[in-house]
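In case it helps, our numbering puts the sequence shown at residues 3 to 419.
Glycine included, each C-beta is placed from N, C-alpha and C at the ideal position.
Below is one structure, written out as structure tokens; comments come after it.
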Amino acid sequence: MCRAAAAAAAAIAAALSWRPAAAFGTGTASGALAPSPCLASLEACVQQAGVEEFAELHRWLLQSPLEPSRVDRAALSLAPSAAQPGQLELAAFVLFRDLGLALLARALELLLLCRGSDSACGQLLPHIEQVYGLRDALEARIVSLSPGYAPDAGTRSAVLRTGRNVRNDLDRFARAPAPRAEEGGASGLLTRIAELAHIVGRRTRMLSHMLGMHAWVRTLRVPGRGAPVFVLHDEYTSWLDMVETLVGVMVRNGQKALTFVEVGISAEPFQHTLLQEFSGLQYIGLALDPGSADTTAAAVQQRRHQLFQEAQARTQAFAVAGRSVVHFATSGALAANLPRDALDLVLLDLSGDGVQDVQQELAMWKTRVKPGGILAARGFGPEWPESLQAVLAHRHGNDMHMSVGGGLWWFVEPEEE
């Protein structure tokens, strides 16, 4: 659904010249976060607006999750969880969905005022205040959720964190200066309100995923050793976002130069972006050679060699500057040619198409990372049960940080003497 916010500015400029056939009445919908004529008849307002980007945003917000996501546990041969969403979770999902729809309603009201050549169209401050006024209603609704909190459910922190993040989103919206005429004026404000509604929708989906993952990780056990320790990060929207964030944190903490090794090159073209954004980054990429022992070696080798060539092409300019090198070899061959305690960040591909002996790879690459550096992975989740169990056995008793989309990382501790 990303088209809605991204393309809104272009669509709005044309939409403002169209006149609706009829005016709207006033009133509020039952349970609305704040009085809003369009929220009382949102479908009618969407149709009157006639802007596909707003119609798409409306459909997407209506499809916001109303419960935690269901993590597929069949891959782990585990019975489905009998736990049902609690009152706090269910009420929170309704709350955030309602807020997204209320923001869309405010955007539509401004759009229709401008189409009708209403003088209120050019008075942007009252519209900003109306949007920010939703914050008080949000705060009151979050407080009202407290009776639904079950102490042992483990959901309160995620719900409250999402509420805090949404409040911060509203604060940033209100603090930003009103768009000037050269920035589109009312059209620019419409785009900002649509983007805010989209942010709320994304946060709702992230909450659903995080609560689903929370329920899943609580079921994980290492035989004879108990439960592992996970830290779930809702600030990462994907494993790619996780990697970029980790590199960014290292740089902000004063590491002007750092070395990043990717073991199992991804088809995602992110290497060029990282190298461009972080001038002190050195990248070493490894397209894994399956070796002749692999019965599907020919097909796998062809696919991975293509990834090798694509990564070489993407990073060619940085290779000339000595900041990037891409290899096609086995994992052991590359590790053998790198000194111990030399790397800042290593990313392993643990998916079915990545490294084979996960425990061996983790042990080997750990020795190449500096103490205090980061060993990270992608392809961690119930879809990859063998990798999952190998990581749990290797890392049991120590923190593991998880992201959406199978991302995982931890700090490498110094070797015990």
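Residue 247 versus residue 381: straight-line alpha-carbon distance, rounded: One C-alpha to the other measures close to 18 Å.
Contact between the segment 342–354 and the segment 258–267 (3+ Cβ pairs under 8 Å): They touch, by the three-pair rule.
Cα-Cα separation, residue 420 to residue 329: Only positions 3 to 419 of the chain appear in the structure, and residue 420 is not among them; the question remains open.
Contact under 9 Å by Cβ, residue 133 with residue 113: Between residue 133 and residue 113, the C-beta gap is not smaller than 9 Å, which leaves the two residues out of contact.
Inter-residue CB distance, residue 366 and residue 231 (contact presumed, cutoff 8 Å): About 23 Å; that fails the 8 Å criterion.
Residue 147, DSSP secondary structure in three states: The three-state reading of DSSP puts residue 147 in coil, since its state is none of H, G, I, E or B.
Alpha-carbon spacing of residue 190 relative to residue 45, whole angstroms: Straight-line Cα distance between these residues: approximately 23 Å.
Residue 240, DSSP secondary structure in three states: Looking at residue 240 - three-state DSSP - the assignment turns out to be coil, as it is neither helix nor strand.
CA nearest to the CA of residue 68, picked from 48, 91 and 62: Cα-wise, what sits closest to residue 68 is 91.
Proximity below 9 Å, CB of residue 405 to CB of residue 207: No, these two residues do not count as a Cβ contact at 9 Å.
Beta-carbon contacts of residue 277 that lie in its chain and below 8 Å, excluding the five residues immediately before and after: Within the same chain, residue 277 has close Cβ partners 283, 285, 317, 320, 325 and 326.
Nearest neighbour of residue 211, chosen from 161, 222 and 374 [CA to CA]: Checking every option, the nearest Cα to that of residue 211 belongs to 161.
Cβ neighbour criterion (16 or more within 10 Å) applied to residue 379: Burial check for residue 379: the Cβ neighbour count within 10 Å reaches 16 or more, so the residue is buried.
Residue closest to residue 192, alpha-carbon to alpha-carbon, out of 409, 110, 142 and 164: Of 409, 110, 142 and 164, the residue nearest in Cα terms is 110.
Per-residue burial, residue 70 [other beta carbons within 10 Å of its own, 16 or more giving buried]: Residue 70 is buried by the Cβ-count criterion.
Neighbourhood of residue 23 by C-beta distance below 7 Å, restricted to the same chain and skipping five residues each side: Note that residue 23 scores 30 on pLDDT, short of 50, meaning its location in the model is unreliable; the coordinates nonetheless yield the value given after this. Excluding sequence neighbours, residue 23 sits near nothing in its chain.
Beta-carbon spacing of residue 245, residue 272 below 9 Å: Yes, the Cβ-Cβ distance between residue 245 and residue 272 is below 9 Å.
Simplified DSSP state of residue 369, which is helix, strand or coil: Looking at residue 369 - three-state DSSP - the assignment turns out to be coil, as it is neither helix nor strand.
Close Cβ partners of residue 154 (< 7 Å) along its chain, the five nearest in sequence each way excluded: Only weak support is given to the placement of residue 154: the predicted model assigns it a pLDDT of 46, under 50, and the question is left unresolved by the model.
DSSP three-state assignment for residue 125, whether helix, strand or coil: Reduced to three states, the DSSP call for residue 125 is coil.
Closest Cα partner of residue 168 within the set 188, 346 and 143: Here the closest residue by C-alpha is 143.
Candidates 362, 370 and 310: closest to residue 397 by CA position: Distances from the CA of residue 397 to each of 362, 370 and 310 were compared; the closest alpha carbon is that of 362.
Three-way DSSP call (helix, strand, coil) for residue 326 in this model: Here residue 326 sits in strand by DSSP.
Beta-carbon proximity check, residue 52 vs residue 199, cutoff 9 Å: Judged by beta-carbon spacing, residue 199 lies beyond the 9 Å limit of residue 52, meaning their Cβ atoms are not closer than that value.
Short Cβ contact (9 Å threshold) for residue 38 with residue 137: No.
Beta-bridge pairing of residue 284 - partner residues as DSSP gives them: In DSSP, residue 284 forms a bridge with 261.
Run of the beta strand (DSSP E) containing residue 382, from where it starts to where it stops: Taken as a continuous stretch (DSSP letters only), residue 382 belongs to no beta strand (DSSP E), as it is neither H nor E.
Neighbourhood of residue 413 by C-beta, 7 Å cutoff - its chain only, sequence neighbours within 5 removed: So the qualifying residues of the chain are 374 and 376.
Beta bridge counterpart(s) of residue 403 as assigned by DSSP: Looking at the DSSP assignment, residue 403 forms a beta bridge with 233 and 411.
Element boundaries [beta strand (DSSP E), containing residue 347]: From DSSP, the beta strand (DSSP E) with residue 347 extends over 345–351.
Near the ligand ADP: residue 234 beta-carbon under 8 Å from a heavy atom: The model depicted lacks the ligand ADP and carries no ligand whatsoever.
Residue range of the unbroken alpha helix (DSSP H) whose run includes residue 201: Note, residue 201: alpha helix (DSSP H), 188–219.
Rounded straight-line distance, which links the Cα of residue 118 to that of residue 126: For residue 126 and residue 118, the distance between alpha carbons rounds to 16 Å.
Cβ distance (whole Å) where residue 360 is taken to contact residue 323 below 8 Å: Residue 360 to residue 323, Cβ: 34 Å. No contact.
Residue 121 to residue 62 span [Cα, whole Å]: Distance between the alpha carbons of residue 121 and residue 62: 31 Å.
Bridge partner(s) assigned by DSSP for residue 331: Note: residue 331 sits in a beta bridge opposite 290.
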